[in-house]
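Enquirer: For any residue, its number in my numbering is found by taking its place in the sequence shown, counting from 1, and adding 402.
Virtual Cβ for every residue (Gly too), placed ideally from N, Cα, C.
Quick one: the structure is below, and I'll ask about it shortly.
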Amino acid sequence: MYGRPQLIVNTLMEQIRKTPMPRVEKLDTLVEYGVMVEEINAAVRTSGLALRYDGPLLEELVGRLPPVVAFLWGMQRVGKAPASLGDFSEWMRTAKEAALIASPSSTRTDEKRATKHLNVHVPTEQLRVYGDIGMLVASHVGAV
């Protein structure tokens with residue numbers, strides 16, 4: 403997948419499509435969905451494909467939310483500029499944290515076990531664009 407960022411994004415989107423839709427009565431599904439949204443947002447941002455994926459991908463991701471959660475997303479967007487995938491990812495991070503707080507302790511333990519990692523290969527030149535965090539990542543993996 404190295405050098406083919408579209409393939410990474412498409413693979414992550416297929417994983418999301420295969421995962422059962424999040425349900426408000428099962429907060430752990432909302433937590434899992436939040437993690438997947440953060441992963442796909444990171445892949446889109448690091449690949450430089452944000453403009454291509456913001457509209458259709460965002461629409462599909464919001465469409466997978468339970469109606470009441472989608473309504474809450476819409477409520478917080480009223481009067482604001484059109485949303486980006488990054489905006490949605492930040493909002494989902496907050497929703498995920500709220501779900502973790504409201505969940506029984508067993509869900510919080512399960513979330514830690516269910517956390518997935520995605521390795522994205524990015525040339526060192528692109529990491530520098532992201533400032534100190536990119537350099538920290540690059541120095542951690544020995545790219546600098």
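1. How is Arg425 classed by DSSP in three states: helix, strand or coil?
2. Using only the alpha-carbon positions, how far apart do Val480 and Glu462 sit?
3. Where Ser449 and Ser486 are concerned, what is the direct C-alpha to C-alpha distance, given to the nearest angstrom?
4. Runs of 4 residues minimum, wholly inside the segment 440-474: which ones carry the alpha helix (DSSP H) assignment?
5. Can you tell which of Thr431, Leu414, Gly476, Ser505 has the C-alpha that lies nearest to the C-alpha of Ala444?
6. So, is Lys420 buried or exposed, given that buried needs 16 or more other C-beta atoms within 10 angstroms?
7. Considering Cα atoms alone, identify which of Ala472, Ile442, Leu453, Leu459 is closest to Pro424.
Expert: Straight from the coordinates:
1. strand
2. 19 angstroms
3. Those two C-alpha atoms are separated by around 15 angstroms.
4. 452-465
5. Restricting attention to Thr431, Leu414, Gly476, Ser505, the CA atom closest to the CA of Ala444 is found in Leu414.
6. exposed
7. Ala472
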